[in-house]
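Numbering follows full-length UniProt numbering, with no gaps: position 319 of the sequence shown is 319. C-beta: ideal position from N, C-alpha, C; glycine also. Since this is a predicted model, take the numbers as computed values, not measurements.
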Amino acid sequence: MSLLLPRSFWPSVCGLVTGEAWPAVSAAGAALLVERCSSSGLLPLLFAASDLPPAVRSARESARGWERILQVRASWFREAAIAVCDALAGEPVMLIKGSDYARRLYPDAVLRPMQDIDILVPVDRMDAVCERLLAAGMRAQPSFGASRDPAHHERVFFHGRILVEVHQSFIQRPRNRVDYEGLWQRAVPLEIEGRRVLRLDDVDALVYHTLSMGIDQFDVRLIRYVDLWLLLARRTGMAMAAAERAREWHTARALYGALSLACRMFPEFANADVQAAMTAALPASTRRFMERWVLPGAAEMRKGGAPRRGVQLWRKACLMDSTGHALAFALSHAAASLRHRPEGLRAAP
1 MSLLLPRSFW PSVCGLVTGE AWPAVSAAGA ALLVERCSSS GLLPLLFAAS DLPPAVRSAR
61 ESARGWERIL QVRASWFREA AIAVCDALAG EPVMLIKGSD YARRLYPDAV LRPMQDIDIL
121 VPVDRMDAVC ERLLAAGMRA QPSFGASRDP AHHERVFFHG RILVEVHQSF IQRPRNRVDY
181 EGLWQRAVPL EIEGRRVLRL DDVDALVYHT LSMGIDQFDV RLIRYVDLWL LLARRTGMAM
241 AAAERAREWH TARALYGALS LACRMFPEFA NADVQAAMTA ALPASTRRFM ERWVLPGAAE
301 MRKGGAPRRG VQLWRKACLM DSTGHALAFA LSHAAASLRH RPEGLRAAP
């Protein structure tokens with residue numbers, strides 16, 4: 001399997017990061033490009049790229065020592081994924097996000113650096129799954145506040161130095177209407193070195209990918225746009241199918257935002273299917289609101305890094321599909337925080 005990136009990929013990444021035109025990149029611009037590729041998860045793809053300008057090739061060679069580090073790191077994640085599968089043998093478990101993509105969408109898992117291992121399990125198996133991970137020697141990360149609530153969407157463990165996030169839902173349930181029953185019915189078998197697990201259906205995976213980008217208010221590594229490109233390429237009509245699913249799940253704003261930003265950066269994204277999906281996902285007035293008041297601009301994306309806290313909260317609220325979802329989430333989060341506040345902060349009887 002070969003990896004087909006958009007033709008504009010490296011020129012667009014270079015322009016976004018350095019503001020310089022491709023291929024006339026300065027030595028300083030090339031060094032900045034390599035640095036941002038490292039923090040954005042693109043360094044393995046840069047090492048594998050051909051037909052790069054001389055300045056970029058030179059800067060890449062100066063960072064060549066990272067290639068071995070990335071290979072070792074990928075082996076750690078491979079071992080951790082196998083350990084998770086072994087610990088949960090017989091359980092209904094889905095590998096999601098990079099844990100799925102690295103094996104399914106990329107010709108070599110090294111090309112898709114991961115930050116953690118994410119799995120999804122049914123709500124009624126959450127406690128049993130966590131007990132099995134502990135029995136296998138994994139360490140639970142201490143939780144505080146609302147994250148201590150049994151209904152919280154995830155619990156976090158460590159396999160050595162690798163983070164393992166166990167989800168019983170993608171995010172707090174009041175924020176959307178994801179049909180988890182249908183999602184599990186559509187799950188697709190996946191084999192990891194002889195271990196049988198599950199993955200999301202292609203359309204579910206695409207919609208969840210855009211939702212996860214929206215959960216982070218689109219302050220995401222650039223490798224997430226490569227994932228998006230590869231997910232859209234799974235079959236004809238993927239974007240329109242995703243728009244229909246996103247409306248059902250009440251995650252259409254996140255889908256629209258991810259597709260809009262991708263089209264801004266890489267012209268090849270803006271094909272007829274994607275354009276039709278963006279139109280179908282949201283009313284025209286909401287699309288205008290998203291473009292003007294919610295989505296990050298070019299200057300912010302070039303700068304990189306998280307925006308101010310107030311901007312993050314504004315985007316978090318606006319990326320939920322209705323005011324009702326935002327209010328329900330705020331109330332449920334406040335209630336969970338109160339239930340699990342430290343003993344010393346509770347009112348005396």
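Can you tell me whether residue i is helix, strand or coil according to DSSP?
| i | result |
| --- | --- |
| residue 189 | strand |
| residue 215 | helix |
| residue 46 | helix |
| residue 149 | coil |
| residue 167 | strand |
| residue 144 | coil |
| residue 250 | coil |
| residue 20 | coil |
| residue 9 | helix |
| residue 380 | One cannot answer for residue 380 here, as it falls past the ends of the chain, which runs 1 to 349. |
| residue 30 | helix |
| residue 233 | coil |
| residue 3 | coil |
| residue 106 | coil |
| residue 204 | helix |
| residue 88 | coil |
| residue 312 | helix |
| residue 275 | helix |
| residue 267 | helix |
| residue 15 | helix |
Between which residues of its own chain and residue i is the CB-CB distance below 7 Å, once the five residues before and five after are set aside?
| i | result |
| --- | --- |
| residue 67 | 47 |
| residue 230 | 105 |
| residue 328 | 174 |
| residue 110 | 44, 70, 71, 74 |
| residue 262 | 225, 228, 269 |
Near residue i, what residues of its chain come up, given a Cβ to Cβ distance below 6 Å and the 5 sequence neighbours on each side ignored?
| i | result |
| --- | --- |
| residue 266 | 6, 8, 12 |
| residue 118 | 96, 97, 99, 165 |
| residue 312 | 217 |
| residue 259 | 274, 278 |
Out of curiosity, what's the CA-to-CA distance linking residue i and residue j?
| i | j | result |
| --- | --- | --- |
| residue 253 | residue 242 | 12 Å |
| residue 334 | residue 27 | 51 Å |
| residue 202 | residue 70 | 28 Å |
| residue 23 | residue 52 | 8 Å |
| residue 180 | residue 123 | 10 Å |
| residue 277 | residue 331 | 32 Å |
| residue 30 | residue 87 | 44 Å |
| residue 345 | residue 337 | Residue confidence is low: residue 345 scores 46 on pLDDT, short of 50, so the model does not pin down where it sits. Its coordinate-derived value is still stated next. Near 11 Å, if we compare the C-alpha coordinates of residue 337 and residue 345. |
| residue 89 | residue 209 | 26 Å |
| residue 240 | residue 194 | 34 Å |
| residue 280 | residue 272 | 12 Å |
| residue 49 | residue 103 | 20 Å |
| residue 3 | residue 107 | 6 Å |
| residue 186 | residue 125 | 18 Å |
| residue 137 | residue 85 | 13 Å |
| residue 38 | residue 158 | 24 Å |
| residue 128 | residue 77 | 23 Å |
| residue 319 | residue 207 | 14 Å |
Can you give the beta carbon distance from residue i to residue j, rounded, assuming they're within the 8 Å contact cut?
| i | j | result |
| --- | --- | --- |
| residue 204 | residue 250 | Rounded, the Cβ-Cβ distance is 15 Å, inconsistent with contact. |
| residue 170 | residue 164 | No, residue 170 and residue 164 are not in contact; Cβ-Cβ is about 16 Å, not under 8 Å. |
| residue 197 | residue 93 | 5 Å |
| residue 290 | residue 256 | 6 Å |
Which residues does DSSP pair with residue i in a beta bridge?
| i | result |
| --- | --- |
| residue 119 | 95, 166 |
| residue 198 | 94, 189 |
| residue 139 | 158 |
Leaving out five residues before and five after residue i in sequence, what residues of the same chain have Cβ atoms less than 8 Å from its Cβ?
| i | result |
| --- | --- |
| residue 143 | 152, 155, 156 |
| residue 34 | 43, 46, 56, 59, 60, 62, 63 |
| residue 236 | 273 |
| residue 348 | Unreliable positioning characterises residue 348 in this predicted model, as indicated by a pLDDT of 45, which lies under 50. The coordinate reading is nonetheless provided below. Counting only Cβ-Cβ distances below 8 Å, and skipping sequence neighbours, we find nothing. |
At a cut-off of 8 Å, is residue i close to the ligand MG when judged by its beta-carbon and the heavy atoms of the ligand?
| i | result |
| --- | --- |
| residue 8 | Among the components of this structure there are no ligands whatsoever, and the ligand MG is therefore not found. |
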